[in-house]
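The block underneath contains the structure these notes are about, expressed in structure tokens.
Number of protein chains: 2
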Amino acid sequence: MKTIYAFSEGSKKMKDLLGGKGANLAEMTRLGLPVPPGFTLTTETCLYYLEHEGYPENYEQELEDKLQELEQNMGQKFGNVEDPLLVSVRSGARVSMPGMMDTVLNLGLNDDTIKGVIEKTGNERFAYDSYRRFVQMFGDVVLEVPHHHFEDALTTIKEKKGARLDTDLKAEDWMELVQTFKQIVHDTTGNPFPEDPKKQLRLSIEAVFKSWNNKRAITYRNLNGIPHNIGTAVNIQTMVFGNMGDTSGTGVAFTRCPSTGENMFYGEYLMNAQGEDVVAGIRTPEPLTKLGEVMPDVYKELVEIRDQLEDHYRDMQDLEFTIEKGRLFILQTRDGKRTAQAALRIAVEMVEEKLITKEDALLRVDPNQLKQLLHPSIAMDAKYDVLAKGLPASPGAATGKVVFDADTAAEWAEEGESVILVRKETSPEDIHGMHAAQGILTSTGGNTSHAAVVCRGMGKCCVAGAGEVIVDYKKSEFRVGDTVIKKGEEITLNGTIGEVIVGQVEMCEPEVSGYFETIMLWSDDVREMRVRTNADTPEDCQVARDFGAEGIGLCRTEHMFFAEDRIAIMREVILAKDDETRRAKAVEKLRPVQKEDFVGIFKVMNGFPVTIRLLDPPLHEFLPSLDAHEKIAALSKEMGLSVDDLKKIIGNLHEINPMLGHRGCRLGITCPELYAMQVRAIMQAAFECHEQGITVIPEIEVPLIGEFEEFKAVHKIAMDVISKLGEIPFEYKIGTMIEIPRACLTAHKIAEKADFLSFGTNDLTQLTYGYSRDDAGSFLAHYIEAGILTDDPTETIDQIGVGSLMQTCVNLGRETKPDLEIGICGEHGGEPRSVEFCHTIGLDYVSCSPYRVPIARLAAAQAVLKEKAGELAPRKARSLKKTENEPATVY
Amino acid sequence: MKTIYAFSEGSKKMKDLLGGKGANLAEMTRLGLPVPPGFTLTTETCLYYLEHEGYPENYEQELEDKLQELEQNMGQKFGNVEDPLLVSVRSGARVSMPGMMDTVLNLGLNDDTIKGVIEKTGNERFAYDSYRRFVQMFGDVVLEVPHHHFEDALTTIKEKKGARLDTDLKAEDWMELVQTFKQIVHDTTGNPFPEDPKKQLRLSIEAVFKSWNNKRAITYRNLNGIPHNIGTAVNIQTMVFGNMGDTSGTGVAFTRCPSTGENMFYGEYLMNAQGEDVVAGIRTPEPLTKLGEVMPDVYKELVEIRDQLEDHYRDMQDLEFTIEKGRLFILQTRDGKRTAQAALRIAVEMVEEKLITKEDALLRVDPNQLKQLLHPSIAMDAKYDVLAKGLPASPGAATGKVVFDADTAAEWAEEGESVILVRKETSPEDIHGMHAAQGILTSTGGNTSHAAVVCRGMGKCCVAGAGEVIVDYKKSEFRVGDTVIKKGEEITLNGTIGEVIVGQVEMCEPEVSGYFETIMLWSDDVREMRVRTNADTPEDCQVARDFGAEGIGLCRTEHMFFAEDRIAIMREVILAKDDETRRAKAVEKLRPVQKEDFVGIFKVMNGFPVTIRLLDPPLHEFLPSLDAHEKIAALSKEMGLSVDDLKKIIGNLHEINPMLGHRGCRLGITCPELYAMQVRAIMQAAFECHEQGITVIPEIEVPLIGEFEEFKAVHKIAMDVISKLGEIPFEYKIGTMIEIPRACLTAHKIAEKADFLSFGTNDLTQLTYGYSRDDAGSFLAHYIEAGILTDDPTETIDQIGVGSLMQTCVNLGRETKPDLEIGICGEHGGEPRSVEFCHTIGLDYVSCSPYRVPIARLAAAQAVLKEKAGELAPRKARSLKKTENEPATVY
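Sequence lines, in order, name chains A and B.
Note that our numbering numbers the first sequence so that position 571 is 1063, with each residue one more than the last.
Note that our numbering numbers the second sequence so that position 65 is 557, with each residue one more than the last.
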């Protein structure tokens, strides 16, 4: 196993082995760019070291050889008093983890070699400043001396010398400080500071390797979904100095504007400075254009390098450069981070410039980033303090006055106030308040809690499960530590990253440019899966259509029952539970209103399939809770029932685990009038629309099927209704949600009768893991922090567990019915990695909330491209590719 | 497709085609026994008829041919006025369904043929009595005339004639009644009574076929787990008459005593009577021995037939015979139903008599029947009224005074009262009351509810989920309809079949004879799976050992924390939740008591493995519920906390779906002190016992694992503790419960570190179906009644769904570790069909409550024998067969 590669031996293709930084240094070296020479210790060596706490046999020899090569190359020698070789030691993993691991600069300095540096540079102050920086960095990073010791010493000497800034200190001050630092190291570690450069190098390499597993790095990887088993490379590179006087400098540049994507050379630099000075913000850097005036030759060279790099990498680059005494060096290049807006523009323009293909362009935009464009958001440069953190349950940002109940939210909103609804958790009874509010904050519940799901559906910002927030309904306030926020006080939510902020913050409105449209159209040409939406009202449907949805994958009918006039009827139904005739009569009152709901939706979705799920939640959700004494009193009056009797009914409907209780098709089977009414309403609405020339494709969906006989029973209820309607002049389907593990395992039976299957991955995930979305908050955060779970399975499909059930379901279902239509309507349907998984297992469509439709369109296209590139397993099925003559709809 | 078989064409092997009755009639015919001739319409014909509402093409001709054959055989003719052929038409499915389908006797009579019968028998009264019976039966069964019409007419004529008994009526009265009956038929159906015998026959056959799908039959099949798609055969048999005078008679006999199993000829008969008279109980039948005195020749022939049948069938037979004018006919034979006691004795004695092999003997005992022997039960002939029905959650019977809370149960029991604890549902806080009570009745919850599981563990009778029972804690009473039972009133529970009875009922004590022991020993020789037990206390362990348990498969540690002194410490732990130091200190107080628990168990289980599950339930179970104001007040005092603070803590621990919440290893990982303490206690107890010369095999079990990293985290907690204890001088294991679907799907990973897996099929079933055991009552009963579920999956493993996950788990786990030990500790481990399934998928052991251990031992042996016979799929794995020198332990 070769443990070390000189920059001249590697290439950009060797990222896994050399890390991102190392691979790019090698690539630039191969391109002939002015890269300070050096070599890279491989990630494999890192993994070997971490596992064995030692190195492979050949490592020592290779390190010696590479050092010698470098010395020859530079005409310098490690530890040589006349002309010492100085190097930097930098980590560099396959994936960028900025600031997470350790770096040592100026390595090779000691009390001897410093003389050579002084001699060579003629700049004693620079030399000692570099020396003290090295001792400080080495002490901190390698020897683990708490860094405040060094800072204290610096402050002390500045006070002693009457210096206000570092720059006020002179060479001898730095010299003195070097000795003080060394004393600190000796005092703290019990050993003198190592003077031997090779020992320094070895210790630094070890420190960088070990830093792969420091807490900071592990947390970062957990947060960013980076695997823990890839290790970091270590780059040893000859030092160049931007702080050697007025013809030296350092800077960073982007080959295009990272904010807007405009094709311009964008960057900043500082003369007579080291890299950290640009970042530290003590001095204000100059814009790059200025360099053209100051050092026109260097600037010209830099512009040529910019063109060469873009031409070579065919992507916007983020590069670091240093000018040492008028000579330009490139220290790093990598694909530049950019805003969503910039990503779209760069991708489209690079196609126009023939730098890349359309397919490349689609892969250049991170679908997750599109969220930035689809919601109001906090301005990029806004400054604010975070009061509490929660889950980023629904993106966007909102400011408003705090209220603690749905009724107040609705009232205040009516009066023109912006309100934020703060609840421990929300329930369907809160819907009107959620509609009225600008944003929702809950103290419990996860990414698929009621609040989160509903808010995403509404495109409304939501921070969920903010555990530090203690809601006190009685006092109408919430507390975070010592801070108390009372009803009516203003807060801001940042749903995109899950922040709660006191007061107002500067916002920007969503902006969608023509580049966005272009990328969406290109995506539609490529993708094989359809993209539908989860929407319950004609308004939501219209939003989704505008975003390009090709049908409704999930229309939840229960939300329709929570309007005031309807919930009253629904309650009548429930309270007549034991009297079939009364119950049937009450149910029948719901039919005309339901029919009108569906007419509205069919009209908007003209020509597209509409999957309507029959009633799903348990009945108690339609009744007030037992401790809502006022509501119970009111309802008892309204229904002509004694309070005691009413409470008894509510008590009887109480369930210990409502999620696992009497709901979904279980309710449909034990109380068949409800489903019969819904089916009749759906089909009558479809008839009415059909007669008006609207193309209707109703898909009736049965929730919570776990056993074929359940489906058969509901199918019979539906067909009994439909067969009485005469000949049906339009296409319709009866299928089922797949959300119970057992449904996956028995899909071959279910497929005998079902026209389609649609994965409800929210419930499926909860049951497969045995988590409840409402209760998992208390341990899920801990699990992710501790690395027990790499991802939150409520956010992205757990491919190994839930995914294998889905795969089983698809296989079994299509064994029975090869052309069975299968989709997904859980919120995972709008999450890019999940969309890719759905592509691979052969789903026909994904369905997600309206605001995620563009994300899904792009992700579905990327899945096709990644499959072609061999990055995804081959798609496992028939594809329902769009036919040519269907309308393409874009935002 | 041949639709009809003459008795001489069939054999006992053709049960599927000819039904049980038909196959046995054929077999007896082949043996040369005096069976009245006839033929059988096949079950296939029935299924064809039901599906097509018509017959196969060849049927009509075959029926004609068979009738002709029969006429020739008997020298009689259908409809012939001189010597008419009379037949019976009887259903007979593969499985006996007594009384569920229809029968018509004396078919062939009409106003013409009656003359022939009178002529031939010279008994006009007999002839008309037979005729009216026929019209009545035909009217009722075939023409669906409500039978009260006939009964009313009979009453009227008796009043008119001044007759007290039927026997007081004369020939002309019966003749008159025949005409009245026919008029009733005409009036009710609008058509005259059919006089053509062939038409009568066809209509009767159709009626029997249709009766397969009458409500009564469907319900019976659902209740008895008989498939709906097997159909019934129809037997047409020449009539013989036991009511032709003093040399005629009829009777039933068992070849051995069905109560005790004693090898004696047991039966009853009536002279001058038809079969139904014996059953109806109007006249008292004579014991069979008496027949030897009255008709010694007939009796001798009957005894010879008895010997011949036992010799041939090699099982105890239940036979029906008729004597017509001194001539003996055998009308039916079948394997006789018997008590558990009789089954054991017959099986053992038949082996001794060399009639059958030991293997045959093991298959002759129904493991489910053994329950009768393991609990006190209601006397077989006790008469009583049932107040309400519930689930037969834990077998046995008990009488006692009703109480509604655990404290009162404990108090009253202390004073020597027998009490029945009646609750809506039970919780771990009720344990002391459940221990004290004779039996438990709950109004909600299923077969795996807390009450059910705990009661089975205690061998205590329980009726669960009795939905009609309305418990009113405030009034200290429960109601069923209008009946009110107050605290202190006496009721009896029959847990074996789920009945609630007012007052006392006659009981019998459990009785276990030597035959039982013999069967158990034979089972142990045959079975390949071990049988362990689920037991939490040394006392329960001892009971299980006495029943032959070979280890503990599940020792639940949480029950140990509910004793008064311990729950106080546990509460301290919980209330110190946010203060690690205080929490660790409180946890440490639990260690010595836990250690003592385990010492006691290890001692009893000397030489056998003991699987101890780490703490499983959510913390709120250890605190009073929010509405228990008194308990909260008391606890707040005890803990020095304000009531408000305490309520806040309880409120924070509240979960919406506690079953899917913060429990099991989730708790162990977020609060690691608890598991560390338990592991230390287990290992220290094992050390102490080991030093005393006891052979300890602790198996530490982690609950609720769904992801490998969870197991790894807990494994580390455990190993951190164990590694500090020095070298371990005994074998120990660390493994996990498999109760989350995802654990099955990722078993290959889990097996990398786990030493054993044990299926917790209670939770696994709930999650696979998405049912909660506490809430499913409201629809599960309906599902089973409606045939949506054939079996309650909480009772017997759902092989298609849950079973396929189990199979996946075994395959994946043993892919990683071929000799991985895998068992089951859900209550399914004591249910015979589930035990067979566990054998097939290759489990090493089953574990069940102590009182089910003998059932599991026998079922495990039967699984081996059924596999050999090709009735079960081949066992899929390595087997941990008992080694020779291990102790065999029997009751």
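Ideal Cβ positions, reconstructed from N, Cα and C, are used throughout, including at glycine.
Euclidean distance between Cα positions of residue i and residue j
| i | j | result |
| --- | --- | --- |
| I471 (chain A) | T1029 (chain A) | No information on residue 471 (chain A) is available, as it lies outside the stretch 493 to 1383 that chain A covers here. |
| C1236 (chain B) | R624 (chain A) | 58 angstroms |
| N706 (chain A) | V700 (chain A) | 10 angstroms |
| E1201 (chain B) | H1320 (chain A) | 23 angstroms |
| R1024 (chain B) | I1044 (chain B) | 5 angstroms |
| L801 (chain A) | K792 (chain A) | 14 angstroms |
| K505 (chain B) | S1264 (chain A) | 53 angstroms |
| K875 (chain B) | L865 (chain B) | 20 angstroms |
| I1148 (chain A) | R830 (chain B) | 42 angstroms |
| V756 (chain B) | V795 (chain B) | It is Met, not Val, that sits at residue 756 (chain B) in the sequence shown. Cα to Cα, the separation comes out at about 10 angstroms. |
| R694 (chain A) | A765 (chain A) | 28 angstroms |
| R522 (chain A) | L1312 (chain A) | 53 angstroms |
Integer Cβ distance of residue i from residue j, believed to fall under 8 angstroms
| i | j | result |
| --- | --- | --- |
| N565 (chain B) | P529 (chain B) | 5 angstroms |
| A943 (chain A) | T918 (chain A) | 4 angstroms |
| A834 (chain B) | G759 (chain B) | Not a contact, Cβ separation roughly 15 angstroms. |
| N727 (chain A) | K494 (chain A) | The Cβ separation is near 16 angstroms, so there is no contact. |
| E1328 (chain B) | A1351 (chain B) | 6 angstroms |
| V634 (chain B) | S696 (chain B) | 6 angstroms |
| S941 (chain A) | V961 (chain A) | About 14 angstroms; that fails the 8 angstroms criterion. |
DSSP bridge partner residues for residue i (one or two, in chain order)
| i | result |
| --- | --- |
| I1192 (chain B) | B:I1104 and B:I1226 |
| Q824 (chain B) | B:E812 |
| I977 (chain A) | A:F970 |
| Y1261 (chain A) | Y1261 (chain A) is not bridged to any residue. |
| N727 (chain A) | A:T532 and A:R582 |
| T742 (chain A) | A:L762 and A:T814 |
| I496 (chain B) | B:L533 |
| M999 (chain A) | A:I870 |
Reduced DSSP category for residue i - H, G, I as helix; E, B as strand; rest coil
| i | result |
| --- | --- |
| Y758 (chain A) | strand |
| L509 (chain B) | helix |
| C1047 (chain A) | strand |
| I1232 (chain B) | coil |
| C1033 (chain A) | helix |
| G937 (chain B) | coil |
Any chain C beta carbon closer than 8 angstroms to residue i
| i | result |
| --- | --- |
| A1205 (chain A) | Annotation note: the requested chain C is absent from the structure, which comprises protein chains A and B. |
**Q.** Length at least 3, wholly inside the stretch 594-661 of chain A: the beta strand (DSSP E) runs in chain order
**A.** 595-599
Q. Which residue spans inside the stretch 1149-1228 of chain A form an unbroken beta strand (DSSP E) run of at least 3?
A. 1189-1194
Q.
Quick check for students: name the residue ranges of the beta strand (DSSP E) that lie wholly in the stretch 1074-1143 of chain A, counting only runs of 3 or more.
A. 1101-1105
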